[in-house]
Structure formats: structure tokens, C-alpha cells
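Contents: one structure, followed by commentary.
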Amino acid sequence: MVSANADVDDGVIPLSQMVVTATGNPHSTLTAPAALTVIDREAIEASPEPSLTSLLSRVPGVSLVGRGVGGRKVISLRGMESQHALILIDGRRISATDDVIGHSDLQYNWLSLDAVERIEVIRGPMSALYGSEALGGVINIITIKGRGDFSGAINAEGTLHTEDNGGGNQTVGAHMHVPMGEKLSLDINLAYGNRDDVISPMDSRLSDIEGKKHTTGQIGFNWQLTESQQLLVNAIFTDEDTWYQTNSRGQAPFFRSMYDITRQQHTVEWQADFDVWSGRIGYYRAEIDVVNSNDHPAINAYTPQFLTDDVLEAGFYRDFGLNRLTLGAEWREEQLQHSAFINNGDEVTHKALLAQYEWQLVDDVSLTLGNRWDHHGYFGSEMSPRAYLVWQPADAWAVKLGYGHGFKAPTLKQISPEYRFDGPHSFVGNPDLNPESSDNLELGVRYESDQNTTVSATLFHNQVTDLIATECVENCGGPFGRVNEYVNVNEARLQGLEFELNMDLTERTALNSSYTYTDGEDKDNNEKLPNRPRHQASFGINQYWLDDRLTTGVQWQYIGQQWINESSGQTELPSYQLLNAQIQYRLNKHSFSLKLNNLTNTVLSEESDDFGYALYGRNVRLGWRMQF
0 MVSANADVDD
10 GVIPLSQMVV
20 TATGNPHSTL
30 TAPAALTVID
40 REAIEASPEP
50 SLTSLLSRVP
60 GVSLVGRGVG
70 GRKVISLRGM
80 ESQHALILID
90 GRRISATDDV
100 IGHSDLQYNW
110 LSLDAVERIE
120 VIRGPMSALY
130 GSEALGGVIN
140 IITIKGRGDF
150 SGAINAEGTL
160 HTEDNGGGNQ
170 TVGAHMHVPM
180 GEKLSLDINL
190 AYGNRDDVIS
200 PMDSRLSDIE
210 GKKHTTGQIG
220 FNWQLTESQQ
230 LLVNAIFTDE
240 DTWYQTNSRG
250 QAPFFRSMYD
260 ITRQQHTVEW
270 QADFDVWSGR
280 IGYYRAEIDV
290 VNSNDHPAIN
300 AYTPQFLTDD
310 VLEAGFYRDF
320 GLNRLTLGAE
330 WREEQLQHSA
340 FINNGDEVTH
350 KALLAQYEWQ
360 LVDDVSLTLG
370 NRWDHHGYFG
380 SEMSPRAYLV
390 WQPADAWAVK
400 LGYGHGFKAP
410 TLKQISPEYR
420 FDGPHSFVGN
430 PDLNPESSDN
440 LELGVRYESD
450 QNTTVSATLF
460 HNQVTDLIAT
470 ECVENCGGPF
480 GRVNEYVNVN
490 EARLQGLEFE
500 LNMDLTERTA
510 LNSSYTYTDG
520 EDKDNNEKLP
530 NRPRHQASFG
540 INQYWLDDRL
550 TTGVQWQYIG
560 QQWINESSGQ
570 TELPSYQLLN
580 AQIQYRLNKH
590 SFSLKLNNLT
600 NTVLSEESDD
610 FGYALYGRNV
620 RLGWRMQF
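In numbering that gives the first Met the number 0, the protein residues as written are 0 to 627.
Next comes the structure, spelled out in C-alpha cells:
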């Protein structure tokens, strides 16, 4: 809550070893009270992954779940549903579209990866700081911000596929930091991309992966008012057009479905660093508009949806010796326009107060205690306590033990008494819903050496209650016309192990690897939770040549067996593997890259028809980047 995009003093600890999302204040990754992973700019550039979702799939505790439409994939943290992961940009929440707009992955496409400085992934409930949606954890996308003199970068990239089924992709982007006097500076990020859809190898009339055109812009002003105060003004705008070939409920006619998606976020924030108190006060508005159309006269387009979030928040902290007290407040109004509401829309107000105390018990033991009170206009109030103990038995070691409670507020569609959607079946809102909630225990150990070695292992156990589902309340015997109401019914248990090892094998060879074991059970029927791979692993080696000007690397990824629910029961999906490689060469201010993805040409539809998403076939990405 307190500036999760705060500046950190990388003159003491390298920026890659700092994290701000765990407490809202800068911490070293070793002692931060959370299970975490930081992906820095160097790792983003070296990765063969072209998107945020595929990049994060190599992080321990992260898996991908198919949306069943257009090849879209969403992120699951520790086996939780995708709507239980809160997405932040520079510490500010974006509109929670995941279970408001069906089959969507819109929360991951606000920015190009070329505009990202680093990504902080916090696993485990963080509602004590961030409120709703943070049951499974938080993903904070921190954008590039220049310092000092005029600087920037220009990049271009193109993708060629070895199979003649589409998927070609071209992107260009730029970043500039422009000082405007001693106290004012400007940061600009721009990106454009064009990606063809991928035709299904099973039926050329269908698309496995949707096509996309997107234009993204971000502009930010930083005005140093005084030595201790600054004013930030920031705006993000994204225009995205997507399309894919599909049919109606698995039958003819075949047609092209198209989406026009626009996103905006506008921010004004005051930050201060006084002798006694430090903190910020900010207001921001996030808007997302989704309009569907198609090219068949007999097919009705999906209903347009317009989601708006207005947020006013404040957070301040004060140090008491080695201890720190943080206080915060938030007011948020959520609005959704949709014709299925009686008045074509509804709105709800969220209010919150939080307190956090970071207590240095003794030299090598710290305790973080936090609690947040949230009030929702429909369901009432929710408390989210958190306690985290960190013990450093030696300088490079930390043992972590934590408990956290998280919650997810029902969407306006789920909880509004004014919502009723009529189709082959009907869905109605339920104002008596409770929020989904989770209670998580975790025990971890982390080691960080001066020789670029990081080892971490975390055991977690999570009880999830009041999961929201639908239940038939009228005309339940008929094949059509059933009326379904949103209800709290499901309970689940998730537990597992996360392991990460990154180290320099030699002065010129670096290893990065991770492993995740996830055991998920639906407590209502004692069945395995669907779409959760039990085992996941990744392994990569980078080799540096010619005084680090030339980098070669290879990455391997394993996705283990998982289960899906079908009318006849649960079906097991087979495991699969991916192999990628890359070469990168730096020449003065220029860098050139050649990235080879899916070298084994793994096609999921050939493994099983039941996978809810598709992969790009074997492809080659050529890239150029110039810094100035």
C-alpha cells in the first residue's frame, strides 16, 4: 500500500536483490517477509519468452491455465484460480477483469515487456496490504524509469514460424527518459505489435491462437517539488484488436470473432520523505472497454462491457529505531456497464484501513504483523491479518515462517441483485454472497551468497473456503432455461513445495532452475482440483563469451500431468516438455538476438484434445535493441 513502486537505494544493495511489494517498503530479497521471485531487466531480455504469462511460467509456484478461447492462458499462483492473483503496475492495481469478462486474459496485456524494468512475484495471501484479489499472491510489474541525463532505447523484433499455419509476429518499441531542468523529468514508453492468428492443425476453419494488433503508450512526469517531496503524473493507454476463427457451440456456421479492447490508467501521486514520517497520497482511475463483433449476419455479438475503477489511497510509515510502523487507507469505487443489469450497470464502493508493524525482535529475528479492514458495499466487512517471522542464523541464510489470510470480493455480476443474464440458461446475482477466502501457512529457507548464488525452498499449506460457483434454483430439470444463482459452496485444500536454484557454475556459466509440486483437492467431492500440474520444472544455462558481449543459452521446461473435469468424470492430461535456445550479441550500444522457441515442435492437440490452450509451434525470433 505504501509506495510499492518506491525508489530504492541500489548503492547499498543491488536493485536485483531488492523487493518492495512484500511490505510496501524496500527490503532485501533475503529478509523480505514473503516467498518471492524477482525477474530483472537482464533476465527479461535474455528470456526467449515473448509474453508476460510465458515468462512467469518459469517462476516456482506459477502455472498456466487455458481459457478455452483463442488460445488464451492465465496465471495461477500455488494452484489458486487466476482471479486470485492481484496484478499491479508500479504498485497500483489494475481493473480486475479476469472473472468479470468471461474467457479473458486482459489483465496481462497492459504493457509491452519492453517497458518493464523488473517483475516482483509474491506467493501467498497479501490481502493484509492490498485487499481483494490477493488470495494467491501479487504480481507487481515495475516499469522502466530513467535517471540523470537523456537516455533511452529502441527495439524491433520479428518472428518466423517453421510451420505454414500463421503466428507471424512483428513488434517495435521505444523508451526515453527526458530531463526537463533540474526538478522535472519525463519518461515515455511506446510499443506496437502485430501477430497473425494460428490456424488449428486439426481443422483449418478454426484458430488455435488468436491474432492481435496492439498499440501501447505510457507517459510519466516526475516533478521534484522540494528535497523531500515529489509529484508523479502518469498515464497508460492501450488499444488492442484481436480476432480468431471459431464456430457456434462446436457446430457450423464458422465465423471470425473480433474484439476491440481499450485500456487507460491515469495517476496523480504525491510522495514525501520527511524527518519523522514518509509516504504518499495518490489518486488513479483505470478503465477498460471491451466490444465484440463478428463477420456472420446470423450470429449475435457478445454484449459490450465497460469497467471503471476509481481509487484514492494514502500510506505513511515511521521508523522507531530498527522498527517501522505503516498506516494506510483506501477508497475505491468499481463500476460495470453491461446490459444484463436492470439499469444497464451497477457500482460498488470499497473502503479500507490497514496497519503494519515491522519489529526487529533481536539482531537476527524480525516479526512483521499486519491487518487490513475492508468494507464492501454489498457483503460488509472483512479482516485480513498477517504474521511473518524471519530468522537469520547466518549472514547469507534466512528461515521464514508465515501466516496470511486473503480474500476475493464477489464481482458485481455475482453479487448485484440487479444482474440477470438470459441465454440458453440464466444467471442471476446474489447479494448474500460472502467473499472467497483463504488461510495460508508457509515455511521456507533462503540462501543468497555474494557469488550470485540463490537457493530457496518453501513448503505451503492453503485452506480455501466459500469459493463461488453457480447453483440451479429454477427449472432445474429442463435441458434449457435453467436459472442459476451464484452461491458460496466449494472448499479446497492446496499444498506443495517450491524450489529455486540460481547460481554461477563458473565465471562464464550461469544456471537457473525451479521446481514446483502442487497437491490440490476439492474438499466437497475429494477429487483432484482440475488444471493444476502436479509437477513442474524448468532448467536453463547461459554461457557468456567475449567479455560478456556474446551470450548463448538453452532452457528446458517440464509440465507434468494434470486433470480436467468432464461429464463422465475426471480425465488425465499427459505431461509435455518445451525446449528453447537463444544467442545474444552486444556491439557497443546495440544488441542483436536470435531466439529459437519450441525446438521440438510440441503440439498439444496431438498430445490430447482436452488441453484448454495451444502453444506456438517451432519458431525463430530475430531482435535488435539500441540504447542511447
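For each residue, glycine too, the CB sits at the ideal point set by N, CA and C. Keep in mind the model is a prediction, meaning the values are calculated, not measured.
First and last residue of the uninterrupted alpha helix (DSSP H) at residue i
i	result
Lys412	Leu411 to Ile414
Asn129	In the sequence as presented, Asn is not what sits at residue 129; that position holds Tyr. Ser126 to Tyr129 is the extent of the alpha helix (DSSP H) around Tyr129.
Ile43	Arg40 to Ala45
Glu606	Leu603 to Glu606
Ser512	Looking at the DSSP string, Ser512 is not in any alpha helix (DSSP H); the run it does join, the beta strand (DSSP E), is Thr508 to Asp521.
Leu51	Leu51 to Leu55
DSSP-derived helix/strand/coil call for residue i
i	result
Asp345	strand
Thr96	coil
Leu388	strand
Leu641	For residue 641 there is no data in the structure shown, the boundaries of the chain being 0 and 627.
Thr302	coil
Tyr107	helix
Glu286	strand
His265	strand
Thr22	coil
Gln560	coil
Gln450	coil
Asp207	strand
Ser184	strand
Ala173	strand
Ala33	coil
Ala395	coil
Leu321	coil
Gly10	Model confidence at Gly10 stands at a pLDDT of 40, short of 50, so the residue's coordinates are unreliable and nothing is read from them.
Asp465	strand
Leu112	helix
His404	strand
His83	helix
Ile143	coil
Rounded C-alpha distance that separates residue i from residue j
i	j	result
Ile540	Leu504	9 Å
Lys350	Val361	36 Å
Arg284	Gly476	45 Å
Gln120	Pro303	Reading the sequence as shown, one finds Val at residue 120 and not Gln. If you take the alpha carbons of Val120 and Pro303, they lie about 32 Å apart.
Ser436	Arg531	19 Å
Phe378	Arg279	29 Å
Asp6	Arg117	For Asp6, the predicted structure reports a pLDDT of 47, less than 50, and the residue's modelled location is therefore unreliable. A value from the coordinates is still provided. Between Asp6 and Arg117, the C-alpha separation is close to 13 Å.
Leu128	Thr22	7 Å
Leu85	His265	19 Å
Asn429	Asp465	14 Å
Asp373	Tyr282	18 Å
Thr158	Asn618	7 Å
Gly495	Ser126	21 Å
Trp390	Val454	16 Å
Ser415	Asp345	7 Å
Other residues of its chain near residue i: CB distance less than 6 Å, five sequence neighbours each side excluded
i	result
Gly480	Asn474
Leu105	Thr96
Trp358	Asn322 and Leu366
Gln228	Ala271
Val289	Ile100, Ile260 and Gln304
Ser206	Asp196, Tyr243 and Gln244
Gly188	Checking the sequence shown, residue 188 turns out to be Asn, not Gly. Excluding sequence neighbours, Asn188 sits near Ala114, His174 and Gln217.
Arg71	Asp104
Cys471	Arg481 and Asn483
Cβ distance (whole Å) where residue i is taken to contact residue j below 8 Å
i	j	result
Gly65	Asn139	Rounded, the Cβ-Cβ distance is 25 Å, inconsistent with contact.
Asp438	Asn489	In fact, because the Cβ distance is near 15 Å, the residues do not count as touching under 8 Å.
Leu63	Ile38	Contact doesn't hold; Cβ gap of about 16 Å is too wide.
Pro573	Ser607	6 Å
Arg624	Asn154	4 Å
Range of the contiguous beta strand (DSSP E) that encloses residue i
i	result
Glu571	Gly568 to Leu572
Leu578	Tyr575 to Leu586
Asp373	Val364 to His375
Tyr543	His534 to Trp544
Phe340	Element bounds for Phe340: n/a, residue is neither H nor E.
Gln228	Gln228 to Ser247
Gln494	Val482 to Thr505
Gln16	No beta strand (DSSP E) contains Gln16, which DSSP labels as neither H nor E.
8 Å CB neighbourhood of residue i in its chain, flanking five on each side removed
i	result
Ile298	Ser247, Pro252 and Phe254
His424	Phe479, Gly480, Arg481, Val482 and Asn483
Close-in-space but distant-in-sequence residues of the same chain around residue i (CB under 7 Å, 5 per side omitted)
i	result
Pro200	Asn164, Val602 and Ser604
Phe406	Ser126, Ser131, Leu134, Glu381, Ser383, Pro434, Glu435 and Ser436
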